[in-house]
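K.L.:
Numbering (our numbering), first residue to last: 18 to 313. Cβ atoms here follow ideal geometry from the backbone N, Cα and C, with glycine treated the same way. Please see the structure below; I have some questions.
Shown next as structure tokens:
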């Protein structure tokens, strides 16, 4: 089979490919040069010394074990906040997205207004608003749950829009077929539309869940005594005088967690794709058996 023909641009010729290789080599050399210059300046300022990095990378350092114990506690707070915010955002996002499709026009207006309001607010403002309201009414449950509530309010409406777009991208005939066999609109949504829409919107959904995890870092900026990994980092860096090293390691921890979450999402997506192909194969096999029996 012949290779697919490029329709958006011409296939680069020998001269263009040579220029691309030269440009790539020059860019790589420049990048290495800038990196070497940065490392040299950091070394001159003592930022690469064992005194700065020892508490983070040297197990024999007296501060190594206490430091990582504190960071582990802060990371557990961060992960708990992310877990509960993600769970609540998915549940509310699915509910809001489904209701926005199922409700008639007039009944949909307050829900649409709420979605647009929360979408327009910065997530920091949403967290601060929840904190102030709960303190005013005397029902403050603690900084962790305020952070969870603020992240949930912001992200559930984003997820609801992802759900709505996923459902509306499905063929309209599926709704008509579901209603024709006696299903109610809510049953069509839950049993036919949402399972298919989840597969289609999984990449966008996972991207939003990664955003939730990263946004937990905002809690230490606007809330008091949260105890998350960023707040602990802010405290420790002042004691050890190694701000650059602390933020580099904590940033690396977030990158690793996000990569693991992305790998999990890809695995789930592959499993869903395999399950869908298996179901289609089984259905096709049954159809062939029925057709063969009728011909006999």
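I'd like the span of the alpha helix (DSSP H) that includes residue 331, first residue to last.
P.N.:
Residue 331 lies beyond the range of the chain shown here (18 to 313); nothing can be said about it.
K.L.:
Determine, for residue 152, whether the minimum Cβ-Cβ distance to residues of chain B falls below 9 angstroms.
P.N.:
The structure shown has no chain B; it contains just one protein chain.
K.L.:
Once DSSP output is grouped into helix, strand and coil, what is the label at residue 189?
P.N.:
If DSSP states are grouped into helix, strand and coil, residue 189 belongs with coil.
K.L.:
Measuring only the C-alpha atoms, how far is residue 98 from residue 244?
P.N.:
Residue 98 and residue 244: Cα-Cα distance of roughly 11 angstroms.
K.L.:
What residue does the alpha helix (DSSP H) around residue 91 start on, and which one ends it?
P.N.:
Per DSSP, residue 91 belongs to the alpha helix (DSSP H) from 81–119.
K.L.:
Whole angstroms is fine: what's the gap from residue 48's alpha carbon to residue 32's?
P.N.:
Between residue 48 and residue 32, the C-alpha separation is close to 24 angstroms.
K.L.:
Leaving aside the five residues before and after residue 215 along the sequence, list all residues of the same chain whose C-beta is less than 6 angstroms from its C-beta, in chain order.
P.N.:
If we look at residue 215 and ignore the five residues flanking it on each side, it has no Cβ neighbours.
K.L.:
Measuring CB atoms only, is the stretch 179–190 touching the stretch 151–169, in the sense that at least three cross pairs come out at less than 8 angstroms?
P.N.:
No: the two stretches stay apart, fewer than three of their Cβ pairs being nearer than 8 angstroms.
K.L.:
Can you tell me which of the three DSSP states residue 243 falls into?
P.N.:
Residue state, collapsed to three classes: coil.
K.L.:
Could you name the residues of the same chain whose beta carbon sits closer than 8 angstroms to that of residue 206, not counting the 5 residues immediately before and after it, in chain order?
P.N.:
Same-chain partners within the cutoff: 115, 118, 119 and 184.
K.L.:
To which residues of the same chain is residue 300 closer than 6 angstroms at the C-beta, ignoring the five residues directly before and after it?
P.N.:
Since pLDDT at residue 300 reaches only 43, below the 50 mark, its modelled position is unreliable, and no value is offered.
K.L.:
What is the C-beta distance between residue 112 and residue 147, in whole angstroms, given that I count them as a contact (C-beta under 8 angstroms)?
P.N.:
Not confirmed; about 19 angstroms, so no contact.
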